[in-house]
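**Q** With our numbering applied, the sequence shown covers 28 to 213. Quick one: the structure is below, questions incoming.
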Amino acid sequence: MIAGTTIEPGLAPNGWSRATLRGFRAGEPDALREVYRAHAEDIGKLLRFGFSFESSGRAHRFVGYDSAFELQDALHETFRRAFEPRAREGYDGLRPYGPYLRTIARNVVLRAFRAQRQLFPLAEEGHGPGDGAVVLADNEPSVEHAALRRELDVIVREFLDQLPADDRRLLTVRFLDGLSQRDAAD
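See below:
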C-alpha cells in the first residue's frame, strides 16, 4: 500500500469489494462477470490498437487486430487464462487487476507472433531453396483462374450498377479497393 493512502471500509486494496474478491477467487459467475465487465473494454482497446515489444533484440509493433473475429478470439483467450483457477487463486487483490490482465493479453498476442514467426522465418535464418521447401515456379494465376476472375468481375459490376450511388461507393472502397471498415466509413 502507498504511504498516506487509505482503504475504504469493505473494499479490498485493489478497489474491489471484498465480496467480489472472494467470489472472484472462488470462481463465482457473478464475480467473474463483474470483473469482465470492468476490464473488457480496456483490454479490447489494447488488442484493437496494439502495442510495441522487443523480441530477439529487435523492436516490433503489434498494430492491433482489424478483424472483429480475431479481436474477440484474443479477448476471450485473455479472460479464459485470467479466469483459470490457478490464476484466480494466485491474484492477491493488493495491486490493480488491469495491469495483470494487460500482461496476459500481451502474452496471448506474443504467443501468436511466435507461432507465426515459425511459419514465416526470415530468409537469412537458413530457410530457402534447397532446405526442402517447395519453390513455386510461377506465381501467375492459371488460365482457368483468370477466366473465373473475369467472370466474377462482370457479375460484381452488374450487381454494383443496380445499387444507389452511396451504397455502390461504400461497397467499392470496402471490398474492391480493400479498405478497412474504419477507412471506408471516412
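Positions of the beta carbon are idealized from the N, C-alpha and C atoms, including for glycine.
Which same chain residues, not among the five before or five after residue 222, have their C-beta less than 7 Å away from its C-beta?
**A** No information on residue 222 is available, as it lies outside the stretch 28 to 213 that the chain covers here.
**Q** On the three-state DSSP scale, how would you describe residue 110?
**A** Looking up residue 110 in the sequence shown gives position 83. Residue state, collapsed to three classes: coil.
**Q** Between residue 79 and residue 87, is the Cβ-Cβ spacing less than 8 Å?
**A** On the sequence shown, position 52 is the one that residue 79 refers to. On the sequence shown, position 60 is the one that residue 87 refers to. In this structure, the beta-carbon distance from residue 79 to residue 87 falls below 8 Å.
**Q** Taking 7 Å as the limit between beta carbons, can you name the residues of its chain near residue 21, skipping five residues before and five after?
**A** The requested residue 21 is not part of the displayed model; the chain covers only 28 to 213.
**Q** Is it true that the segment 64-78 meets the segment 124-131, where meeting means three or more beta-carbon pairs spaced less than 8 Å apart?
**A** yes
**Q** Go ahead and pull the three-state DSSP assignment for residue 38.
**A** The count along the sequence shown starts at 1 and reaches residue 38 at position 11. In the structure shown, residue 38 sits in a strand (DSSP, three-state: E or B).
**Q** Alpha carbon to alpha carbon, how far is residue 58 from residue 188?
**A** Within the sequence shown, residue 58 is the residue found at index 31, counting from 1. Within the sequence shown, residue 188 is the residue found at index 161, counting from 1. Each residue's Cα considered, the two are about 53 Å apart.
**Q** According to DSSP, is residue 64 helix, strand or coil?
**A** Translated into positions along the sequence shown, residue 64 becomes position 37. Helix, per DSSP.
**Q** List, from N- to C-terminal side, the alpha helix (DSSP H) runs of 4 residues or more that fit wholly inside the segment 65-140.
**A** 95-109 and 112-117
**Q** Roughly how many whole angstroms lie between the Cα atoms of residue 91 and residue 135?
**A** Reading the sequence shown from its first residue, position 64 is the one you call residue 91. Reading the sequence shown from its first residue, position 108 is the one you call residue 135. Their backbone Cα atoms lie some 12 Å apart in a straight line.
**Q** Have a look at residue 27 and residue 177 and give me their C-alpha separation to the nearest angstrom.
**A** Past the edges of the chain, shown from 28 to 213, lies residue 27, and the structure says nothing about it.
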